[in-house]
Amino acid sequence: MKVAIVNLGHIVSGDWRSPFVAGDTIICNADRIVSVGTASASPVESADVIIDADGMTAVPGLIDSHVHITFGDYTPRQRTVGYLESYLHGGTTTAITASEVHVPGRPKDPEGVKALAIAAQRCFADYRPGGMRVIAGSVILEPGLQAGDFVELAAKGVTLAKAGFGAVKTAYDYVPLVFDAKAAGLITTCHTGGSSIPGSGAITGDHLLAMQPHVSFHINGGPTAMPDADFERVIRESEIALQVCTAGNLRTALMCARLAERLDAFDRFIIATDTPTGSGIMPLGMLYTIAHCASLTDMAPEWFVCAASGSNARVYGLDSGYLAPGRTADIVLLDAPDGGTQKTALAAIKHGDIAAVGAVVTAGVPRFVGCSRNTPATMRKARVARSSVMQDFTAPAH
Ligand SMILES: [Zn+2]
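In terms of this note's numbering, the sequence shown opens at residue 218 and continues consecutively.
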């Protein structure tokens, strides 16, 4: 399928250092972006589907790098089906697992956690709830896992490892496990802050600096934050990615954003939700955290859109997250919400409003055009101007 999106008001690139692309058109072919900015008449005319954005803002599909995936589109923690499809209606086009710890009765022995990670990775290799891409299968670091286990997991397609819920005596016991997982090429992540469930201890700056994982999961607390003084140490003394989550401590999320800017570490600042958890299912969580960070700091709203897309893609090595030729065609149309005081998506975000989603395209396929099931209505009206494919692009009514 060839898709042309025309009449865009603004285009956010996903790269916070160069956040805008000039022009008004995006062309996609199959699952890839072909061009961003301006296009001649012929690629638009030859498209199978033309979406008229009516002046809305195109942003890269949001990448939530902390979702509690289990199996299927189901969360046992909140006993709800269909939550991932619902997140797509909040602009999240990729969900990255925070490890499959919520699987009821999940295994704790080395063979069991390996099998769980492989099974989860396989179950989402082709399954796309609502069109969402799900990166699942993060091995839970448990005592007894050996260097060879991580090599085996990597060879079988697992890309992630998670420290924080294992049966260790102290968090320092994760140090050799994280080392071995990194050596095998896995992306390592670590729970940060107070324990989220009874039985797991607090993980603070000293532990992170000893472990040196790729990503500090919910550095702002999940939901309980580590000491304020540890944030600057982690930024200065490591290259660890700073993941702030919706279901965490808002004050420390804002503190971390300001510190990341001041210490030239905003490349490493990434946004996620850490849901579903005890905090609930939050289909608009990414949009909330983008709005909270933009409206409560002096920083630009487009920076936080990029922190929720391109920066996550860079940290996790994904081919989405940017609106650029050759990237996966995951595109979200955002607008100011109808009935608000602001005129554009970015102005609304800066104002503290939740941006309205007008259309979502994933892997080059329009999943809906016109109205999200979950956000307010858009001020402008995106519509399918022409289509020659047998698909209805309207979302179920509010
Ligand atoms: Zn979590």
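Note that beta-carbon positions come from the ideal geometry of N, C-alpha and C, so glycine has one too. Predicted model only: the values in this text are computed from it and were never measured.
Inter-residue Cα distance where the pair is residue i and residue j
{"i": "GLY240", "j": "ILE404", "result": "36 Å"}
{"i": "PHE486", "j": "GLU449", "result": "13 Å"}
{"i": "ILE457", "j": "GLY307", "result": "28 Å"}
{"i": "THR255", "j": "ILE228", "result": "11 Å"}
{"i": "ALA576", "j": "THR274", "result": "10 Å"}
{"i": "GLY534", "j": "ALA221", "result": "27 Å"}
{"i": "ARG600", "j": "THR611", "result": "9 Å"}
{"i": "VAL238", "j": "GLY231", "result": "10 Å"}
{"i": "SER303", "j": "LEU476", "result": "33 Å"}
{"i": "ILE436", "j": "ALA388", "result": "16 Å"}
{"i": "PRO593", "j": "ASP481", "result": "35 Å"}
{"i": "PRO393", "j": "THR409", "result": "18 Å"}
{"i": "THR441", "j": "ALA530", "result": "26 Å"}
{"i": "GLU606", "j": "LYS219", "result": "It is Val, not Glu, that sits at residue 606 in the sequence shown. Roughly 10 Å between the two C-alpha positions."}
{"i": "MET472", "j": "THR463", "result": "14 Å"}
{"i": "ILE335", "j": "GLY322", "result": "17 Å"}
{"i": "CYS626", "j": "THR297", "result": "Past the boundaries of the shown model lies residue 626; the chain is included only from 218 to 615, so the question cannot be answered."}
{"i": "ASP609", "j": "VAL261", "result": "20 Å"}
{"i": "ASN246", "j": "ARG468", "result": "43 Å"}
Reduced DSSP category for residue i - H, G, I as helix; E, B as strand; rest coil
{"i": "ARG468", "result": "helix"}
{"i": "ALA380", "result": "strand"}
{"i": "VAL616", "result": "Since the first residue of the chain shown is 218 and the last is 615, residue 616 is not available in this structure."}
{"i": "ASN529", "result": "helix"}
{"i": "ILE357", "result": "strand"}
{"i": "SER433", "result": "strand"}
{"i": "ILE457", "result": "coil"}
{"i": "CYS523", "result": "helix"}
{"i": "ILE628", "result": "This structure gives no information on residue 628, because the portion of the chain shown stretches from 218 to 615."}
{"i": "LYS219", "result": "strand"}
{"i": "ASP552", "result": "strand"}
{"i": "VAL392", "result": "helix"}
{"i": "VAL229", "result": "strand"}
{"i": "VAL261", "result": "helix"}
{"i": "GLY438", "result": "coil"}
{"i": "ASP445", "result": "helix"}
{"i": "GLY422", "result": "helix"}
{"i": "ASP397", "result": "helix"}
Pair within 7 Å by beta-carbon distance, residue i and residue j
{"i": "GLY465", "j": "GLY439", "result": "yes"}
{"i": "HIS283", "j": "PRO493", "result": "no"}
{"i": "VAL320", "j": "THR292", "result": "no"}
{"i": "ALA572", "j": "ILE566", "result": "yes"}
{"i": "ASP271", "j": "ARG597", "result": "yes"}
{"i": "VAL253", "j": "ILE243", "result": "yes"}
{"i": "LEU279", "j": "THR309", "result": "yes"}
{"i": "MET428", "j": "VAL395", "result": "yes"}
{"i": "ALA371", "j": "GLY329", "result": "no"}
{"i": "ILE498", "j": "TYR300", "result": "yes"}
{"i": "VAL318", "j": "PHE382", "result": "yes"}
{"i": "LEU305", "j": "GLY347", "result": "yes"}
{"i": "ILE447", "j": "THR421", "result": "According to the sequence as given, residue 447 is Asp; it is not Ile. Cβ distance < 7 Å, so ASP447 and THR421 count as in contact."}
{"i": "ALA474", "j": "THR514", "result": "yes"}
Contact set for residue i: own chain, Cβ-Cβ below 7 Å, skip 5 residues either direction
{"i": "ASP570", "result": "ALA508, PRO554, GLY557 and GLN559"}
{"i": "THR545", "result": "ASP248, ARG249, ASP536, SER537 and ALA580"}
{"i": "PRO327", "result": "GLU359, GLY361, LEU362 and ASP366"}
Cβ-based neighbour list, residue i, same chain, cut-off 8 Å, excluding 5 preceding and 5 following
{"i": "CYS340", "result": "PHE288, GLY289 and ALA353"}
{"i": "ALA562", "result": "HIS227, MET273, THR274, VAL276, LEU551, ASP552, ALA553, ALA572 and ALA573"}
{"i": "ASP547", "result": "PRO277, GLY278, THR310, THR311, ARG350, SER537, GLY538, VAL578, THR579 and ALA580"}
{"i": "ALA602", "result": "VAL223, ILE267, ILE268 and ASP269"}
{"i": "HIS431", "result": "LYS399, ILE404, THR405, THR406, ILE457, ALA458 and VAL532"}
{"i": "LEU426", "result": "ARG450, VAL451, GLU454 and SER455"}
{"i": "SER263", "result": "LYS219"}
{"i": "HIS424", "result": "ALA388, TYR389, TYR391 and CYS407"}
Contact set for residue i: own chain, Cβ-Cβ below 6 Å, skip 5 residues either direction
{"i": "ASP397", "result": "ALA364 and PHE367"}
{"i": "LYS379", "result": "SER316, SER355, ILE357 and THR406"}
{"i": "PHE521", "result": "ILE507, CYS510 and ALA511"}
{"i": "ASP281", "result": "THR309, ALA312, ALA489, THR490 and MET503"}
heavy atom of ligand 3 below 6 Å from residue i C-beta
{"i": "GLY502", "result": "Judged by which ligands are present, ligand 3 is missing from the structure shown, whose ligands are ligand 1."}
What are the start and end residues of each continuous beta strand (DSSP E) run of 3 or more residues lying completely inside the region 461 to 515, in chain order? 486 to 489
Contained beta strand (DSSP E) runs [length at least 3] in the region 276 to 355, N- to C-terminal order: 279 to 284, 309 to 314 and 350 to 352
Could you give the uninterrupted runs of the beta strand (DSSP E) lying entirely in the region 562 to 613, keeping only those of 3 residues or more? 573 to 579, 582 to 586 and 600 to 604
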